[in-house]
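Chains A and B, in that order, give the protein sequences. Sequential numbering of the first sequence, starting at 1, is according to this note's numbering. Sequential numbering of the second sequence, starting at 1, is according to this note's numbering.
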Amino acid sequence: MSNSKKVLVVEDDPDCLDQVSLLLERAGFEVIRAQGRAQGEEALMRTRPDLAVLDLMMEEMDSGFVLCHEIKRLYPNTPVIVLTAVGSETGMDFKTTAGDAQSWIKAEVMLDKPVRPEQLDAAIKKLLAE
Amino acid sequence: MKELLKVLIVDDELGMRLAVERALRNYIVSLNDLDVEVGFTVIQTATGEQALSCVASEHPDIVLLDHKLPGISGIDVLREIQDDNADLLTIMITAYASLGMAIQATKLGAFDFLAKPFTPDELKSALRKASRHFVIQKQARQLAEEKRRIRFQFLTVLAHELKAPLAAIEGYLFILRDRLAGDDPAAYDRIVERSLTRIEGMRKLIFDLLDLTRIESGQKKRELAKIDLAESIQMGIETVLPAANERKIIVTLQTPGSFPLIADRGEIEIIINNLLSNAVKYNRDGGRVDVRVEERGSQLVFSVSDTGIGLTREECARLFGEFVRIKNEKTTHILGSGLGLSIVRRLARLYGGDATVTSKPEVGSTFTVTLERESAPIA
């Protein structure tokens with residue numbers, strides 16, 4: 001994994017934001033932290049991240065998806081990981097509808113929360129190798 | 001609101017069917033207390049057999065059903081249509097009203113009776129009664145539906161609010177397990193501290209939830225007694241004092257004297273503790289919390305003013321809702337279940353009062369609770 005690539009992390013939970021940032025910094029990335037969608041949008045105006053990790057449910061149920069669309073509009077080549085703990089709450093099952101949902105979600109990877117370090121690592125390796 | 005009800009008249013006499021249609025054509029029932037105007041469209045059939053297929057295809061709301069029909073009888077039609085359409089309002093039309101028939105029809109679910117011959121006014125009066133029943137039934141159904149929806153929404157948010165701290169704690173445990181926080185022991189201390197804080201938040205949410213459930217269900221036995229509000233406030237102040245001292249916040253009761261009221265001590269403590277702990281939590285370091293009580297007619301007015309971050313008008317408007325937490329960079333590290341103020345308001349209303357807020361961003365907020373001094377007799 002090449003160093004000092006920029007990763008935008010958007011999370012409204014301060015602890016989860018810390019955790020994901022820590023894991024990414026350990027892996028040698030430069031982390032741009034944003035707590036909530038508004039801060040995330042601001043950061044996007046300033047920089048083009050090489051990768052984005054977004055929480056799904058922030059101010060709104062689908063803040064993460066909205067932000068994901070904006071990233072893809074601005075920077076079509078930036079891969080996006082969306083973190084979710086909402087399967088049971090929204091009734092959305094990302095695993096079985098993967099093909100279909102992917103077309104409008106636009107995120108490359110959906111990861112369950114809490115994020116397991118090894119899963120995040122594996123997902124990032126795969127995305128940045130592509 | 002307007003309702004258009006579909007009325008099916010089943011009678012083998014053409015004259016009768018036309019008379020009903022004519023009487024109802026421009027008839028409007030105004031149910032002012034329910035805020036509804038009801039109009040009618042009339043469809044008709046001459047036999048019971050036709051009536052059955054018409055009910056199945058046209059779904060009328062009200063059926064005017066002649067008892068004596070050439071083929072299958074009105075009673076048989078009634079039995080079939082009420083079986084399949086429990087909400088259908090059937091008015092039996094009968095020339096020789098016999099008690100036995102009336103009992104049988106009622107058992108089968110007939111809503112009302114009209115004795116032949118009847119005047120247009122008698123018909124309208126029966127339709128008026130049926131319309132009222134129809135509208136009330138419909139509104140009750142909508143209310144039940146709305147309640148189910150709100151309940152589901154509540155549980156959805158609750159699940160999220162419980163899962164968020166779990167995810168945070170679990171995330172920290174992964175980091176601890178794999179020793180990912182580097183070599184500085186302080187980093188691990190911080191992780192443990194944050195985990196404990198999130199657990200505390202979760203516990204608070206669960207306790208608040210139990211309070212809310214008890215208030216909602218009315219199951220908790222209330223122990224009403226004469227208590228002194230000033231005394232409860234003093235106790236509340238002592239509870240928040242350690243947290244206040246730590247941040248050099250001064251908490252005082254500004255109004256001396258005693259303020260008796262009849263209340264459940266536990267409930268009053270929930271109100272006081274919620275407001276006082278909020279006033280400290282959302283204050284600035286070195287700020288003030290001023291508590292005041294005054295008598296106003298039959299009520300006690302209890303207010304808590306802080307010098308904290310304050311709220312915009314828009315935030316004030318939704319503050320007392322369930323799971324409403326004002327999220328911004330200033331509140332992100334402040335723990336809260338999002339239920340406290342909704343509990344305070346429910347309790348205040350239980351005492352014939354209310355809970356309100358006035359606020360100015362960056363200056364502070366004043367929360368005011370009114371309580372009837374004698375909202376309930378001592379048990």
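Backbone N, C-alpha and C fix where the C-beta goes; we use that ideal spot for every residue, glycine too.
Can you find the residues in the same chain that come closer than 8 Å, C-beta to C-beta, to residue i, ignoring five residues on each side of it along the sequence?
{"i": "Gly297(B)", "result": "none"}
{"i": "Asp354(B)", "result": "Arg345, Ala348, Val369, Thr370"}
{"i": "Arg26(A)", "result": "none"}
{"i": "Met1(B)", "result": "Asp35, Val36, Glu37"}
{"i": "Ala123(A)", "result": "Ile81, Val109, Leu111"}
{"i": "Thr47(A)", "result": "Lys6, Leu8, Ile32"}
{"i": "Ser21(A)", "result": "Val9, Val31, Arg33"}
Does DSSP classify residue i as helix, strand or coil?
{"i": "Leu114(B)", "result": "strand"}
{"i": "Ala355(B)", "result": "strand"}
{"i": "Pro260(B)", "result": "strand"}
{"i": "Ile43(B)", "result": "strand"}
{"i": "Ser195(B)", "result": "helix"}
{"i": "Met45(A)", "result": "helix"}
{"i": "Asp306(B)", "result": "strand"}
{"i": "Lys226(B)", "result": "strand"}
{"i": "Val301(B)", "result": "strand"}
{"i": "Leu311(B)", "result": "coil"}
{"i": "Lys113(A)", "result": "coil"}
{"i": "Leu276(B)", "result": "helix"}
{"i": "Asp290(B)", "result": "strand"}
{"i": "Leu34(A)", "result": "Reading off the sequence shown, one finds Ala at residue 34(A), where the question assumed Leu. In this structure, Ala34(A) counts as strand in the three-state DSSP scheme."}
{"i": "Phe320(B)", "result": "coil"}
{"i": "Gly91(A)", "result": "Below a pLDDT of 50, predicted positions are generally treated as unreliable, and Gly91(A), at 48, falls in that range; no measurement from the model is reported."}
{"i": "Ser342(B)", "result": "helix"}
{"i": "Ser365(B)", "result": "strand"}
{"i": "Lys221(B)", "result": "coil"}
{"i": "Lys2(B)", "result": "strand"}
{"i": "Arg296(B)", "result": "strand"}
{"i": "Glu372(B)", "result": "strand"}
{"i": "Leu180(B)", "result": "coil"}
{"i": "Thr213(B)", "result": "helix"}
{"i": "Glu13(B)", "result": "coil"}
{"i": "Lys5(A)", "result": "coil"}
{"i": "Lys360(B)", "result": "strand"}
{"i": "Glu37(B)", "result": "strand"}
{"i": "Ile250(B)", "result": "strand"}
{"i": "Asp121(A)", "result": "helix"}
{"i": "Ser232(B)", "result": "helix"}
{"i": "Ser30(B)", "result": "strand"}
Given residue i, which residues of its chain have a CB within under 6 Å of its CB, disregarding the five upstream and five downstream residues?
{"i": "Glu267(B)", "result": "Leu347"}
{"i": "Arg222(B)", "result": "Asp264"}
{"i": "Thr90(B)", "result": "Val63, Leu65, Leu78, Ala110, Phe111"}
{"i": "Arg17(B)", "result": "Ile9, Asp11, Gln44"}
{"i": "Leu23(A)", "result": "Pro117, Leu120"}
{"i": "Pro260(B)", "result": "Lys226, Asp228"}
{"i": "Lys360(B)", "result": "Gly310"}
{"i": "Ala85(A)", "result": "Lys113"}
Can you name, in chain order, every residue of its own chain whose Cβ lies under 7 Å from the Cβ of residue i, other than the five neighbours on each side?
{"i": "Glu294(B)", "result": "Thr255, Val301"}
{"i": "Pro49(A)", "result": "Lys6, Val7, Leu8, Ile32, Thr78"}
{"i": "Ala159(B)", "result": "none"}
{"i": "Leu127(A)", "result": "Leu51, Pro79, Glu108, Val109"}
{"i": "Thr47(B)", "result": "Asp12, Leu69, Pro70, Gly71"}
Check your understanding: When Cβ atoms are compared, which residues of the stretch 144-169 of chain B fall closer than 7 Å to chain A?
Key -> Thr156, Ala159, His160, Lys163, Ala164, Ala167, Ala168
Review point. Touching or not, the stretch 44-55 of chain B and the stretch 76-84 of chain B, by the rule of three or more beta carbon pairs under 8 Å?
Key: yes
Practice item. Return the chain-ordered ranges of every beta strand (DSSP E) run that is complete within the stretch 81-113 of chain B and spans a minimum of 3 residues. Key: 89-94
Exercise for review: Below 7 Å between beta carbons is the criterion; list the residues of the stretch 180-197 of chain B that meet it against any residue of chain A, in chain order.
Suggested key: The residues in question are Leu180, Ala181, Arg194.
**Study point:** Complete runs of the beta strand (DSSP E) confined to the stretch 56-84 of chain B [at least 3 residues]
**Key:** 62-66
**Study point:** Contacting positions in the stretch 10-32 of chain A - beta carbon closer than 9 Å to chain B
**Key:** Asp12, Asp13, Pro14, Asp15, Cys16, Asp18, Gln19, Val20, Leu22, Leu23, Arg26
**Study point:** Stretch-stretch touch, CB-based, cutoff 8 Å, three pairs: the stretch 62-70 of chain B with the stretch 92-106 of chain B
**Key:** In short, these stretches touch, since the Cβ pair count reaches three.
Review point. Taking Cβ-Cβ distances below 7 Å as the criterion, which residues of the stretch 133-144 of chain B are in contact with chain A?
Key: none
Point to revise | Proximal residues, the stretch 110-130 of chain A versus chain B, C-beta separation under 8 Å | key: Lys113, Pro114, Val115, Arg116, Pro117
Practice item. Would you list, in sequence order, the uninterrupted beta strand (DSSP E) runs of no fewer than 3 residues that lie entirely inside the stretch 50-88 of chain A? Key: 51-55, 80-84
Practice item. Pair every Cβ in the stretch 238-245 of chain B with every Cβ in the stretch 203-218 of chain B, then say whether three or more of these pairs are closer than 8 Å. Key: no
Practice item. Determine contact between the stretch 1-8 of chain B and the stretch 26-42 of chain B, defined as no fewer than three beta-carbon pairs at a distance below 8 Å. Key: yes
Exercise for review: Take every Cβ of the stretch 159-170 of chain B, pair it with every Cβ of the stretch 130-137 of chain B, and state whether three or more of those distances are shorter than 8 Å.
Suggested key: no
Review point. What residues in the stretch 305-324 of chain B bring their beta carbon closer than 7 Å to a beta carbon of chain A?
Key: none
Check your understanding: Is there contact between the stretch 171-189 of chain B and the stretch 135-153 of chain B, where contact requires at least three CB pairs shorter than 8 Å?
Key -> no
Point to revise | Residues in the stretch 232-246 of chain B having any Cβ partner in chain A nearer than 7 Å | key: none
Review point. So, do the stretch 14-32 of chain B and the stretch 119-126 of chain B have three or more beta carbon pairs nearer to each other than 8 Å?
Key: yes
Exercise for review: Anything in the stretch 197-218 of chain B with a Cβ closer than 7 Å to a Cβ of chain A? List those residues in chain order, please.
Suggested key: Near chain A, meaning a CB-to-CB distance below 7 Å, the residues of the stretch 197-218 of chain B are Arg198.
**Study point:** Residues, ordered as in the chain, of the stretch 69-82 of chain B that lie near chain A by beta-carbon distance below 8 Å
**Key:** none
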